[in-house]
Structures are given as structure tokens and as C-alpha cells.
Amino acid sequence: MLKVIITVFITTLTLSAQLPEIQFENITAADGLVDDDMILGIYQDRQGFMWFLTLTGISRYDGYTFKNYKPIPNDSTSLPGGFVTSVYEDDNGQLWFGSHGLTRFDKSTEQFITFRHDANDSTSLAFDDVWDIKPDGERGLWIATSDGLDHFDFKTRVFTHFKHNPNDSLSLSNNSLKTLYVDRENILWAGAAGIFAYENGIMGLNRFNPETRTFKRYFHSADNECTLADNNIFSINEDQNGTLYVGTGKSMLHRYNREKDCFERLTSKSEHAPYAPPAEGFADFKHMVWSFIQDRDSIFWISSFSGGINRFDLKNDIMVHYPNEKNKELKLGNKIITKVYEDRQGIKWIGTAKAGLFKVIPSRQRFHSLAHNKELSDFLANKDVRVLYEDSENTFWIATSADIIRFDPLSGKMTSYAAIMDFPIKFVDAVYEDGSGGIWFGGSGMALIRIDLKSGRVKRYTPENSDIAAWQSININADSDTALWVSAEWDGLRQLNLKTEKFKFYRHDPDNERSLSSNSIWTTLVDQQNGFWVATKNGLNRLNRETDDFDRFFPGVSIHTILEDCNHNLWLGTIGSGLIRFNTKTNESTYYSTGQGLQSDEIYALVEDDHGYLWIGTKFGLTRFDPESYRSISFKKEDGLLSQLSVFADGVLKTKDGQLLFGGNGGITTFSPEDFKINTYPPFVAITGLSVFDKPYKEKGNLDSVITLQYNQ
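Quick note on our numbering: the sequence shown kicks off at 242 and runs consecutively.
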């Protein structure tokens, strides 16, 4: 009987044209940070330590604990003051900080040597307010101060001053410098900005010519869109290709065109991420770009005084603001974002005013949910996703314990099939598309159903004299155009002849070693040589087509899922016996378990990506397994996964474009394996403390030299 199909249109979704969801970890003074009032700078040194610069001091972080440095009254070897704005590490590993003067930190003695302004010495620092520090090769340092640009010579320890001269158009545009940058062509750029009442005049951007020791100025012009949108310059950086970008006070980013010597103003047409309302008291700085980076995935992270942070995919014109509707509770709120930094492991660090640090782990960015709207979220809420299937029209079939829907990720169209049945759909466990435009599905307590996608006609199939309440289909497969294989969790295997519409039964016979090894079937597989395999709770079976019976393998092993890889090996996911690689030509097998890095020996789902890696779903999370090296990487809820993945063999899907989808309780996790890059950065090992008889042996510095102890210590 032809029934009406109920269709719901929901917000457009795609799997590729979106920025993945991310998770933030907040770090504050309660965790040991020197203070969380304002983070002014972030840096990772060559040893791997993270340094956080604040209003009251400096924090060094080793990944576990913080070591803090603050000004100590009457101690000239301590930090000279708070308001630490900048840091640079020289070729000798010495750290230079901008604070109340220029100060060098000696890691071996943990003492600070400070250079200050001296009104009686013209070769001293021009001004004690240091805003930025950049290198000048091996010669020295460039220093941005509130009273011009200084060059510090390492050998002579002499400061040379460059200042604004109102009568010289080749001098600095303004002395109130806030940022410096040395690009890949070794050109120094200096940005001036006024944020205090005493900072007056036109600010602007300056490019230094080392041969003439003069500057070229760049200003905003209302009549020229190829100029900067604002004269307050707060940030300068380059992308991976060496293109220069500039952040100003009243616009987003500017991209520098070296050939035309002008700037392109970059704005996003994306409706996903308008700027947030400005932070209280900073309405005039709503779009001020205080800091920005381009990460290793070519995504810009842009801070502003508007509160929160923007991630901008320039190539696809997608911008997402955080916090947003999905994470309103995020403490970023309307806090000012002062600094954005990416370390060598790809971890993003976000500094704020009044909220400390936020840390974004790379692996957490890779996973995101397929349910980005209320309708789909409501459909999946509190339900186990039992089946994921992609048909020939690139739409997804999603089966749960209460319904089955067809979902188009491009148009956002969602079609529910529950209302077209004469009885409620429950526990749909199997979906299959035949070659004639039909979708088959079945489950517990329901007939085998075929829907003609063009006409919408529905047809039910049940064996003669069969009790519908006891009927079950846990898997549907086909090895020809004339028959379907339908398996049950406790009643063996059935073959449906599509011409006669008759069922043939295959069951376990304890007196016949060539029968099925068990009537409890988890799944089936048709391999690339058209071999038919049946996974049961008591081993693996292969159909012998000549004798119409079965060869048995792995007796006593409960095999939950089967995968054929690109090399024609079979991979068997078991309940309790881990992962098995089975060579069907030689009948040789290799077992892998938690001893080889698997999260669990109970494996529910298996899928192979385009690079030959296996992705293994367990009750504890997800593991990527390398069949060549036997190495594995595991991911859990903390990495962005759903709280629990599907325990059903068909609850995983590899789409035609290589995306992977894993069902779970209440949702679907989707990701691209291409996003998972191996971390090639070797961690630096440093001994930061040593105790002898439970007492600290050395309190200062790294223990990087030979340590001699007495025989009884």
C-alpha cells in the first residue's frame, strides 16, 4: 500500500564546508598561573617550556606545573616590574622580556639583567615602556617603545634611537609603537597605535629601509580603498606563504600586496560569525585586532576587543565566532582577547583579560557532530544510532531504535519513514540498497521492508507462517542480483530469492560440522572475490557455493564485525579477543589486543580510511591503527567524541568522499582522516627539580649539567 512520506526541511549542512567544532580548556590563577587579570604575551622556548606574560609577572609552564616570576622589592636581579608585554629568545637561548625596561633572563642563574632609560645617557633605552621585541639577525634587537624605535647592539650594548620628526616624512610616523615584525625578506615593519590619552597624532604603519635608515609610511585614506582602514596598528604577521597581514583598530585584517605596495581589506561575507558586541567600555575598539595567527591548517585565529575570538577560513569565506549559540557558557564571553599563539605541537593558546588562558587541543578540533540543528538533534536525542548507510544518491540513512530517516547533508532535507508503516518501527538494525532503486531495511519485531525510491511504494517480506513479533533482521547483504542474505542475531541466516520471494534457511546443526557454527549472527561480508562470510558469536563462516555449506574458522571467538582491507586481508573485530588479521589465502592469522595499544579487546566497529589506516570503535572511544607499524592512537570523549560510540557493527560509515561517521548514543561523530596529522615535534626532556632525602637539591634553573651525589645520598 502506498503511504504518504513525511518530510522535514532543516538548515543546510555540509560535511566539508564548515569549520569543525572545538573545545576549550580554561587555565587560571587557581591552576597556578601568576595571575589571570590580563595575558599580554605567550611564547614557547626552544626547550618546549611555555611562557605567559601578565600584568604582574611571568609564568613558565612545563605542561604540569607553573613556575612564577614577580618583581621583588630591592632585588635588582628580579623582574623589574609587571606589565610584561613581549619576549624574544636569542641564538644562545637567552630570553629577553619587555617590561619596565628591556630585561634579559639568564636561565642558568634565573636572574634578570635589566636595561633602563637613563636621562643622562643618550645611548640608553629611549623609554622604559617596552611593547615589542624582534631580532636583527645576530647583531641585536629591535625594540618598540612608547617613545620610538630602538636598536640594541649585542656587542656594544648601545641603544640607537629612531623617532618621529614632524619635519621629516621619512622618519617614523609616530613614536607610540605597539608592534614590530621582521618578515621573510628581512624587512622590519613597525606599527603605531594610540590607546592612552597621552598618545596623540596620526599613528600608521612603517617599513624600514636598512640602507637609507629611513621609513616608508602607510596611512588610511578615505579616497583609496587600497589603504589601511585605520591608522592604529596593533598586530602584524605572515601566513605560511609569506604574505603579510596587518591588524588595525577599526577593521578586520589587511593583506599586503607587495607588487602594488598596497593593502586589501579582508572582510567575511559569512553570516555565521558577525562580530560580538564590544566589551564594556571599549565601544570605539569593537573591531580592534589585537592579535592574530594563521595556524598549520591555514585557519586564521583573530582576537578583538569585541569579546571572544574569530576563526576565519579565508579560502572558503567561513568565519565562526566563539562563544556562539552552541557554547554560550564558555567563559570567553565578552572578555577581551589579548593574545593568540600556536605552539609546535599545534596547540592553540588564547590569552584574555579577566579570564586567564584558554587552551585548544588539536585533536579536539577534528571531530564534530553531524547534528548542527535542532531538528536532527531532537531526532537523535537519547537514541542509539544503530545503522549508518550512504546510498547511490549520496544521502544518508540513519536508523535508531524508533525510526529510520533519509538525510541529505547538502540540502538539509530530512525524511522520516516511521509514519508510512502499519506498525511502529523499532530497533532498525539493517539497511541495504539494491541495484534497482530500492532500499531494504529490517530490524527486531518487523518485516523485511523494501521502499522504491522513485515511486515511494512499500513492500514487506516475511517467511510463511512466521511470527512478526519474533522476526529479526540484523544484517542485509547481497552477492548477486537475484538474492538477498538476511541474518538474525539468534535465528541463523536466510536467503531471499527475489524472483520467487521465497526464503531459504541456514541454521546451526550440532550434528553437522559443515553447518553454520552458530545461529547468533553479528554481520556478513561479501568480499571482492564474491566470497560470502558470516560472523557469529562462535567463529567465522565462509559459504562454499558448490556444496552450499560452510567452512568454519576461529571456533569459540565472538566476531562482531568484519572488514576487508585494500590488500584483501580480513580484519575481524571480536568481543573479548581483540582484533584479528586473517589472510584468506594462507589461513594465517595475527591477533592484536590491548597489549598493542588497543583501547579495548571488545571491538564494535571497523572501517578503513583512504590511507590504509583502520579506525576501531570500542566502548571506550576510537582508535586509529596502522597495520604496517602496529602503532595506534586513541581518542576519547575528552578529544571531542560522543560520550559513547555505537555498539552496532553497521553504526559506522565511510562516505564516498572519504569522511568517516561513527554513530553513538544521541548523535553522530563525523571527521576527515586527512585532518589527523602525526605530531613530528619531539618533546624536549628537562629535569626541573631533584629531591635528595625528600628535600630540594636545587631550587633554581634546569638541572642540565652533571650532578654529583655522595654515595649515601
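By construction, the Cβ of each residue, glycine as well, lies at the ideal position given by its N, Cα and C atoms.
Treat the numbers as computed from the prediction; the structure is a model and nothing was measured.
According to the Cβ coordinates, are residue i and residue j closer than 8 Å?
i      : j      : result
Thr764 : Ile816 : no
Leu737 : Ser714 : no
Asn473 : Gly490 : yes
Val601 : Ser532 : no
Asp424 : Leu485 : yes
Phe338 : Ser327 : yes
Ser295 : Asp278 : Correcting the residue identity first, residue 295 is Thr in this sequence and not Ser. Against a cut-off of 8 Å, the Cβ pair of Asp278 and Thr295 comes out as a contact.
Val371 : Thr386 : yes
Asn626 : Gly683 : The sequence shown places Val at residue 626, rather than the Asn named in the question. No, the pair does not count as a contact, with Cβ atoms beyond the cut-off.
Leu611 : Leu902 : yes
Ser818 : Asp792 : no
Gly678 : Asp693 : yes
Asp670 : Val628 : yes
Ile280 : Thr777 : no
Gly797 : Asn779 : yes
Gly858 : Ala846 : yes
Ala434 : Ser417 : yes
Tyr833 : Tyr871 : yes
Nearest to residue i by CA position, among the options, is which residue?
i      : options                           : result
Asn917 : Gln900, Gly907 and Gly905         : For the record, residue 917 in the displayed sequence is Phe; it is not Asn. Among Gln900, Gly907 and Gly905, the Cα nearest to that of Phe917 is on Gln900.
Gln840 : Asn828, Ala385, Lys878 and Ser677 : Lys878
Thr741 : Asn771, Ala433 and Thr723         : Thr723
Lys624 : Asp370, Ile639 and Ala434         : Ile639
Phe229 : Asp554, Ile577, Ile540 and Asn557 : With the chain covering 242 to 954 only, the question about residue 229 has no answer from this structure.
Gly908 : Ser887, Ile534, Gly853 and Tyr422 : Ser887
Phe437 : Lys419, Arg448 and Asn450         : Lys419
Gln770 : Lys778, Leu863 and Cys807         : Cys807
Leu617 : Tyr630, Ala596, Thr656 and Thr579 : Thr656
Ser913 : Lys860, Tyr854 and Asp464         : Tyr854
Phe293 : Val325, Tyr305 and Asp867         : Val325
Val848 : Ser870, Trp681, Thr896 and Thr831 : Thr896
Ser799 : Ser544, Gly814 and Thr788         : Gly814
Asn716 : Gly836, Val672 and Gly323         : Val672
Beta-carbon within less than 8 Å of residue i's beta-carbon, same chain only, minus the 5 sequence neighbours each way: which residues are those?
i      : result
Gly733 : Phe746, Tyr747, Arg748, His749, Leu757, Asn760 and Ile762
Ile588 : Lys600, Val601, Ile602 and Pro603
His358 : Gly342, Ser365, Leu366, Ala367, Phe368 and Asp369
Arg735 : Pro704, Trp726, Val727, Ser728, Ala729, Phe744, Lys745, Phe746 and Tyr747
Enumerate in chain order the residues of its own chain whose CB-to-CB distance from residue i is below 6 Å, with the five nearest sequence positions on each side excluded.
i      : result
Ala719 : Leu725
Cys503 : Cys467
Tyr658 : Ile645
Lys308 : Arg301
Leu883 : Gly905, Gly908 and Thr910
Lys375 : Trp383, Leu421 and Val423
Asp851 : Gly899
Arg345 : Gln335, Trp337 and Ile354
Ser476 : Thr420, Gly488, Val530, Ser532 and Phe533
Here's a check: name, in chain order, each residue in its chain whose Cβ is nearer than 7 Å to the Cβ of residue i, leaving out the five neighbours to either side.
i      : result
Thr318 : Gln352 and Phe353
Glu330 : Asp286, Arg287 and Leu336
Asn810 : Arg822, Phe823 and Asn824
Leu766 : Trp774, Ile803 and Glu805
Thr455 : Leu411
Ala514 : At Ala514, the pLDDT of 39 sits below 50, so the modelled position is not reliable; the number obtained from the coordinates is stated separately. Within the same chain, Ala514 has close Cβ partners Asn551, Met560, Val561 and His562.
Asp649 : Thr636
Phe403 : Gly389, Leu390 and Leu413
Asp480 : Tyr486 and Gln535
In this structure, what does DSSP give as the bridge partners for residue i?
i      : result
Ile857 : Leu847 and Thr864
Pro376 : Leu382
Cys503 : Asn498
Gly772 : Gly772 is not bridged to any residue.
Arg872 : BP columns for Arg872 are empty, so no partner.
Val628 : Ala640
Ser319 : According to DSSP, which records beta bridges pairwise, Ser319 is partnered with nothing at all.
Thr593 : Ile578
Thr355 : Thr344
Arg822 : Trp812 and Thr831
>> With three or more C-beta pairs closer than 8 Å as the rule, is the region 425-444 touching the region 393-400?
In response: no
> Touch check for the region 355-366 and the region 412-430: three-plus C-beta pairs under 8 Å?
Replying inline: no
> Using 8 Å as the threshold, is the region 308-316 in touch with the region 629-641, meaning 3 or more CB pairs across them?
Replying inline: no
> Are the region 865-877 and the region 889-897 in contact at 8 Å, needing three or more beta carbon pairs?
Replying inline: No, they do not touch.
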